[in-house]
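Mapping of the sequence shown onto the numbering used here: residues 4 to 167, in sequence order. Glycine residues also receive a C-beta, built at the ideal position from the N, C-alpha and C atoms. Scroll down for the structure; my scribbles are underneath it.
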Amino acid sequence: MAVPGAIHDHVATVSNPTLEQFRAAFLAGNEAFNRGDFATAFAGLAPDCEWHPLAYATERVLVGPEEVCRFFAEEIFGTFSDWRTDPVDFLQAGDGLFVVLLRGRGTGGASGAPTRVDLAEVWELREGVPVRVRELPTWEEGLSAAGLDPSTAATVRGAGRSGE
């Protein structure tokens, strides 16, 4: 669950960002997210951006940066205080449509159990600004949701690539 908070600074002035421009913005936002600076991490979202979190985290759609910040601060970091995400790969599915394959990890606050999940985010940008983000529980589902070949996930896992 990462966010290019600095996306506004990096791509909002570009109506049709390239994969590399999106990647740079995402990495900047992900750094802020991992250190718990949600205001910076989510600042670039459109005021009416729809954020669709993983279904097991919540079934509601979050709207706007303030609601997204509150969700991650209270729900995710409230449960996993050391939660962090690391991008593994970035793909472009179309104009303004990007997929990020992520690895999330943290330690359960109540149980002390380590948790690691692979998840995908599908980012839809309009004129360089995120208007919709969908989190999906597997890389294959994220790739399929963006119209990409889900078998790409196996290739990425096999290559052991790092998005950083």
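Beta carbon of residue i nearer than 8 Å to that of residue j
i      : j      : result
Leu104 : Asp89  : no
Ser147 : Pro153 : yes
Ala123 : Gly145 : yes
Val71  : Trp86  : no
Val102 : Ala149 : yes
Pro67  : Cys52  : Note on residue identity: the sequence assigns Gly, not Pro, to residue 67. A contact, by the Cβ cut-off of 8 Å.
Phe83  : Gly115 : no
Trp142 : Ala156 : yes
Classification of residue i by the beta-carbon crowding that lies within 10 angstroms, buried from 16 upward
i      : result
Asp92  : buried
Gly47  : buried
Thr118 : exposed
Val64  : exposed
Arg137 : buried
Pro20  : buried
Glu78  : exposed
Glu23  : exposed
Pro7   : Only weak support is given to the placement of Pro7: the predicted model assigns it a pLDDT of 49, under 50, and the value that follows is read from those uncertain coordinates. Counting Cβ neighbours within 10 Å, Pro7 comes out buried, since at least 16 surround it.
Glu62  : exposed
Gly81  : exposed
Leu151 : buried
Ala27  : buried
Ala76  : exposed
Endpoints, the alpha helix (DSSP H) within which residue i is located
i      : result
Leu57  : Careful: Leu57 lies outside any alpha helix (DSSP H) and carries neither H nor E.
Ala116 : Ala116 -> no alpha helix (DSSP H), and no H or E assigned at all.
Glu144 : 142-148
Leu22  : 22-37
Ala44  : 41-45
Gly131 : Element bounds for Gly131: n/a, residue is neither H nor E.
Ala162 : 155-162
What beta strand (DSSP E) runs, 3 residues minimum, are completely inside the stretch 60-100? Within the stretch 60-100, the complete beta strand (DSSP E) segments of 3 residues or longer fall at 87-97, listed in chain order.
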